[in-house]
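K.L.:
Mind looking over this structure? Questions follow.
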Amino acid sequence: MFEALKQKWNRKNLNNERFNFLFNGVHEDEVVVYDCETTGLNPKEDHIISIGAVKVKGNKILTNEAIHIYVIQEKDINHESITIHKIRNCDLEGAVPINEAIERFLYYIGNRKLVGYYLEFDVAMINKYTKPMYGITLPNKKEEVSAIYYDKKIERIPQGHIDLRFDTILKELNLPKLTAHDALNDAVMTAMMYLKLQHVQRL
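Quick note: the sequence shown uses the working numbering, first residue 14, plus one each step.
Below is the structure:
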């Protein structure tokens with residue numbers, strides 16, 4: 014009930030009717046897996062450098078429909094950020110303004126459920142822009158891959174420590190690690206995790 018009231022209030026705050034489609038009934042047979050590369054880990058202070066997203070339909074990852082959007086930066090990317098995500102200032106050729114990036118992302122996800130790894134952070138980063146631009150936070154249903162993994166793993170070791178690091182989950186699920194570390198490849202690897210976890214009872 015609380016969630017329904019929250020969504021009703023969220024929709025009431027929408028200031029651009031072009032995005033009414035975000036509040037339509039959930040697109041049941043597809044989800045969108047996405048990842049953001051950012052200048053840091055503080056949604057209040059840091060900014061999005063790139064967004065990678067891919068749709069999953071049934072048992073297929075639709076890489077041919079994926080998006081990978083680079084965002085123009087107001088300031089040069091600092092060395093610490095480059096060390097983490099390997100995106101240099103010279104790699105931003107073809108980047109677009111953040112408003113355009115967010116709009117393209119919203120049209121891509123539609124009313125589909127969102128899936129991700131450390132999804133709470135990525136949602137907070139998108140909400141940082143959708144709130145002032147359109148008056149809303151992302152209304153989509155959301156599912157955290159590490160939580161699915163945890164629920165399937167905890168049955169075997171209820172008192173044990175479960176390693177939820179990205180690389181550990183990939184290894185445990187016998188999935189390949191893509192070479193380039195960027196938003197799109199991270200989204201694709203997370204999509205592989207999500208699909209694999211749909212077909213295992215426990216780990």
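We treat Cβ as the ideally placed atom computed from N, Cα and C, and that holds for glycine.
Report buried or exposed for Ile-139, applying the criterion of at least 16 other Cβ atoms within 10 angstroms of its Cβ.
P.N.:
Ile-139 is buried by the Cβ-count criterion.
K.L.:
Applying the 10 Å Cβ sphere with the 16-neighbour rule, what's the burial state of Ile-85?
P.N.:
exposed
K.L.:
According to DSSP, Leu-75 sits in a beta bridge with which residue or residues?
P.N.:
Lys-68
K.L.:
Who pairs with His-81 in a beta bridge, going by DSSP?
P.N.:
In DSSP, His-81 forms a bridge with Gly-65.
K.L.:
Taking the beta carbon of Pro-56 as the centre, do at least 16 other beta carbons fall within 10 Å, making it buried, or is it exposed?
P.N.:
buried
K.L.:
Could you compute how far the alpha carbon of His-212 sits from the alpha carbon of Lys-70?
P.N.:
15 Å
K.L.:
What does the Cβ neighbour count give for Tyr-162, buried or exposed, with the cut at 16 atoms within 10 Å?
P.N.:
buried
K.L.:
Give the DSSP-derived three-state secondary structure of Asp-195 in the structure shown.
P.N.:
coil
K.L.:
State buried or exposed for Leu-132, treating a residue as buried only when at least 16 other CB atoms are found within 10 Å of its CB.
P.N.:
buried
K.L.:
I need the DSSP call for Glu-156, collapsed to helix, strand or coil.
P.N.:
strand
K.L.:
For Leu-119 and Gly-107, what's the separation of their Cα atoms in angstroms?
P.N.:
20 Å
K.L.:
Cα-Cα, which of Glu-156, Gly-129, Asp-59 is closest to Ile-111?
P.N.:
Looking from the CA of Ile-111, the closest CA among Glu-156, Gly-129, Asp-59 belongs to Asp-59.
K.L.:
Would the beta-carbon of Ala-66 fall within 8 Å of that of Val-39?
P.N.:
Going by C-beta atoms, Ala-66 is not nearer than 8 Å to Val-39.
K.L.:
Check whether the segment 136-156 touches the segment 165-178, counting contact only when three or more Cβ pairs, one atom from each stretch, lie closer than 8 Å.
P.N.:
Counting Cβ pairs under 8 Å, fewer than three are found: no touch.
K.L.:
Anyone know if the C-beta pair for Leu-183 and Asn-153 falls short of 8 Å?
P.N.:
No; because the gap between Cβ atoms is not below 8 Å, this pair is not in contact.
K.L.:
Using 8 Å for Cβ pairs, my map puts Ile-82 next to Ala-114. What's the rounded Cβ distance?
P.N.:
5 Å
K.L.:
Is it true that the CB of Ala-196 sits closer than 8 Å to the CB of Ile-64?
P.N.:
yes
K.L.:
Within the continuous alpha helix (DSSP H) that includes Leu-151, where are the two ends?
P.N.:
From DSSP, Leu-151 is part of no alpha helix (DSSP H); its letter is neither H nor E.
K.L.:
Three-state secondary structure (DSSP) at Lys-126?
P.N.:
strand
K.L.:
Write down the C-beta distance between Gly-123 and Phe-36 rounded to the nearest angstrom, noting that I regard them as a contact closer than 8 Å.
P.N.:
With 8 Å as the limit, Gly-123 and Phe-36 do not qualify as a contact, their Cβ atoms being about 11 Å apart.
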